[in-house]
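Engineer: Residue numbers (this note's numbering): 9 to 206. Yeah, the Cβ is synthetic: ideal placement off N, Cα and C, and Gly gets one too. All figures in this text were calculated on a predicted structure; none of them were measured in a lab.
1) Three or more C-beta pairs under 8 Å: does that hold for the segment 126-135 against the segment 165-179?
2) Mind reading off the beta-carbon distance from residue 97 to residue 87? Whole number of angstroms is fine, and I expect it under 8 Å.
3) Rounded to a whole number of angstroms, what is the C-alpha to C-alpha distance between residue 33 and residue 84?
4) Using alpha carbons as the reference points, say which of 107, 121, 186 lies closest to residue 163.
5) Below 8 Å on the Cβ atoms is my guess for residue 105 versus residue 81; work out the distance and round it to an integer in Å.
6) By alpha-carbon positions, which one of 134, 124, 152 ends up nearest to residue 158?
7) Find out if the Cβ-Cβ distance for the pair residue 155, residue 95 is shorter than 8 Å.
8) What is the DSSP secondary structure of residue 124, reduced to helix, strand or coil?
9) Cα separation between residue 75 and residue 9?
10) Have a look at residue 102 and residue 142 and give me their C-alpha separation to the nearest angstrom.
11) Excluding the 5 residues preceding and the 5 following residue 19 in the sequence, name in chain order all residues of the same chain whose CB lies nearer than 7 Å to its CB.
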């Protein structure tokens, strides 16, 4: 079964002087349709225009946060072995402490990071910080070397030929044992680009 997601724009002279702007807003309206479950249409309106402006501002602020070392913070969720009760590892989650907006939920900024292409830089940023933290915990004796790190990875990394080499260098830099870093991907990543995923 084939379905369709449509974004519509009314070309008024008040807001549009270039075809590119019409296409941008129609594209935005189409993505809104997809977010609401697909198979339908969305008419671009004033509220979407305001939301779009806010998204663009948020994207610019995320770019700044990736340069500003204290806004994006890794949170560590413990993974416990149910049989022994011992700490088996940590899942690393990103949180954004925005200086004006406060704590921004990942559900707000991660889809925007995916859409803008910033997800590659964001993931690398988080992997770097998490590996440094794990090495620090190992060095201080707070955890043993059996404890590993789990990090969610975007499917966009399948198109990054430098990822594996970069990860190897990072592991060597922090003297992390082989098998310490567990990269987790969603099933949709395998479906999106099956040939590359294999």
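Structural biologist: Reading from the atomic positions:
1) yes
2) 4 Å
3) 38 Å
4) 121
5) 6 Å
6) 134
7) yes
8) helix
9) 45 Å
10) 15 Å
11) 30
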